[in-house]
Ligand SMILES: Nc1ncnc2c1ncn2[C@@H]1O[C@H](COP(=O)(O)OP(=O)(O)OP(=O)(O)O)[C@@H](O)[C@H]1O
Ligand SMILES: [Mg+2]
């Protein structure tokens with residue numbers, strides 16, 4: 001299952017991704033894919049070192065862009081291979097299909113059943129837009145084969161841009177993290193609409209929920225699509241302030257994992 005964790009900036013996407021990964025790794029193999037180029041804390045929350053940018057595997061942004069520009073049917077610098085099926089190339093970027101066990105080890109941080117990879121970060125002033133990151137995310141997900149026990153959790157950047165780029169088409173499930181704000185509630189409707197267009201199943205995770213506003217939030221979204229309600233948790237907040245590994249069990253996260261398992 002490929003799950004995208006989406007939502008407004010600061011709604012809790014990375015927090016939910018990390019907690020969910022830890023929960024699901026109790027029974028499944030989990031790959032967390034960090035696609036947010038301005039994300040610097042996720043690896044710490046998982047208790048891992050920061051992985052090398054996968055973009056480097058393809059020669060960095062410049063090398064990747066060159067491969068992107070080359071015609072699809074021609075082999076490219078030894079990396080792209082015309083596919084066997086109907087003369088179509090398998091991919092401009094991958095020589096073969098990838099699986100969890102075949103991921104390039106120098107780009108994977110790993111502990112127990114959790115693996116972490118990052119598409120890429122912005123490192124230098126003026127290095128250009130993040131568009132190649134979106135393309136690589138899509139190509140990577142398309143090229144990745146999963147077994148029944150494999151889960152990919154994709155921590156996305158804030159907002160809806162990845163839908164515009166078409167990245168979303170490769171997800172089975174979109175989890176929209178909704179925090180108690182007017183913007184988040186409005187945006188959740190947009191996610192629902194765009195996810196529907198992309199053919200995804202869209203569920204909401206209501207996050208940072210205090211008891212007194214829970215009812216209002218449930219009324220403001222399509223409650224049949226609410227996968228979990230996660231309370232505002234002070235311990236969690238403190239752990240993320242320190243950049244510490246999450247060692248916190250939340251009932252809502254256990255329920256979310258159960259929900260995803262069943263749906
Ligand atoms: N359930 C929660 N209880 C308390 N604090 C939370 C909860 N969820 C998230 N937070 C806090 O909210 C802040 C934003 O969380 P997080 O970084 O996960 O959001 P994000 O959506 O990934 O942000 P960005 O858009 O910058 O990627 C952090 O300080 C985090 O500790
Ligand atoms: Mg984040």
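In UniProt numbering, the protein residues as written are 1 to 263.
Each residue gets a CB set at the ideal place from its N, CA and C atoms; glycine is no exception.
Which residue from 203, 46 and 173 puts its Cα closest to that of residue 15?
Residue 15 has its Cα closest to that of 46, out of 203, 46 and 173.
Of the residues 68, 10 and 119, the one placed nearest residue 56, counting alpha carbons only
The residue with the shortest Cα to Cα distance from residue 56 is 119.
Would the beta-carbon of residue 20 fall within 8 Å of that of residue 250?
It is not a contact, given that the beta carbons lie outside the stated cut-off.
Is residue 273 close to ligand 2? I mean its beta-carbon at under 7 Å from any heavy atom of the ligand.
Absent from the structure is residue 273, since the part of the chain shown begins at 1 and ends at 263.
I'd like to confirm something about residue 232: is its beta-carbon nearer than 7 Å to some heavy atom of ligand 1, or not?
For residue 232, the shortest separation between its Cβ and any heavy atom of ligand 1 lies below 7 Å.
Let me know the secondary structure DSSP gives residue 1 once reduced to three states.
Three-state DSSP puts residue 1 in coil, outside helix and strand.
May I have the straight-line CA-CA distance separating residue 64 from residue 142, to the nearest angstrom?
Taking the straight line joining both Cα atoms gives about 17 Å.
Starting from the C-beta of residue 121, find all residues in its chain whose C-beta is less than 7 Å away, skip the five residues before and the five after it, and write them out in chain order.
Around residue 121, the same chain offers 37 and 53 as residues with beta carbons nearer than 7 Å, after the five sequence neighbours per side are excluded.
Here's the rule: buried if 16 or more other CB atoms are within 10 angstroms of the residue's CB, otherwise exposed. What is residue 109?
It counts as buried.
How many angstroms separate the CA atom of residue 74 from the CA atom of residue 117?
Its pLDDT being 47, under 50, residue 74 is placed unreliably in this model, and the value from its coordinates should be taken loosely. Their Cα atoms are separated by approximately 29 Å.
Could you tell me the distance, in whole angstroms, from the CA atom of residue 196 to the CA atom of residue 258?
In a straight line, the C-alpha of residue 196 is about 23 Å away from that of residue 258.
Just to confirm the assignment, what range does the beta strand (DSSP E) spanning residue 208 have?
It spans 201 to 209 - the beta strand (DSSP E) in which residue 208 sits, taken as one unbroken run.
Just to confirm, does residue 207 get its C-beta within under 7 Å of one of the non-hydrogen atoms of ligand 2?
No - ligand 2 has no heavy atom lying nearer than 7 Å to the Cβ of residue 207.
Of the residues 91, 194, 161 and 132, which one's Cα is nearest the Cα of residue 173?
Among 91, 194, 161 and 132, the Cα nearest to that of residue 173 is on 194.
At least three beta-carbon pairs within less than 8 Å, the region 141 to 157 to the region 26 to 36
Yes, the region 141 to 157 is in contact with the region 26 to 36.
Do residue 113 and residue 30 have their CB atoms nearer than 8 Å?
Cβ distance < 8 Å, so residue 113 and residue 30 count as in contact.
Straight-line Cα distance separating residue 239 from residue 48
Cα to Cα, residue 48 sits roughly 15 Å from residue 239.
Would you check if the region 172 to 186 and the region 203 to 219 touch, i.e. whether three or more CB-CB distances between them fall below 8 Å?
Short answer: they touch.
Taking DSSP as the reference, what is the three-state secondary structure of residue 92?
Coil, per DSSP.
Just verifying my parser: in three-state terms, what is the DSSP assignment at residue 81?
Reliability of the predicted coordinates at residue 81 is poor, the pLDDT of 44 falling under 50, and no value is obtained from them.
Could you tell me if the beta carbon of residue 192 falls within a distance shorter than 7 Å of some heavy atom in ligand 2?
Residue 192 Cβ: outside cutoff for every heavy atom of ligand 2.
One question on the structure: do residue 144 and residue 58 come within less than 8 Å of each other, judged by their Cβ atoms?
The Cβ atoms of residue 144 and residue 58 lie no closer than 8 Å to each other.
What does a CB cutoff of less than 6 Å around residue 265 pick up in its chain, not counting 5 residues either side in sequence?
For residue 265 there is no data in the structure shown, the boundaries of the chain being 1 and 263.
In chain order, each beta strand (DSSP E) run of at least 3 residues that lies wholly inside the region 1 to 45
Given a length threshold of 3 residues, each whole run of the beta strand (DSSP E) inside the region 1 to 45 is given here in chain order: 2 to 7 and 29 to 34.
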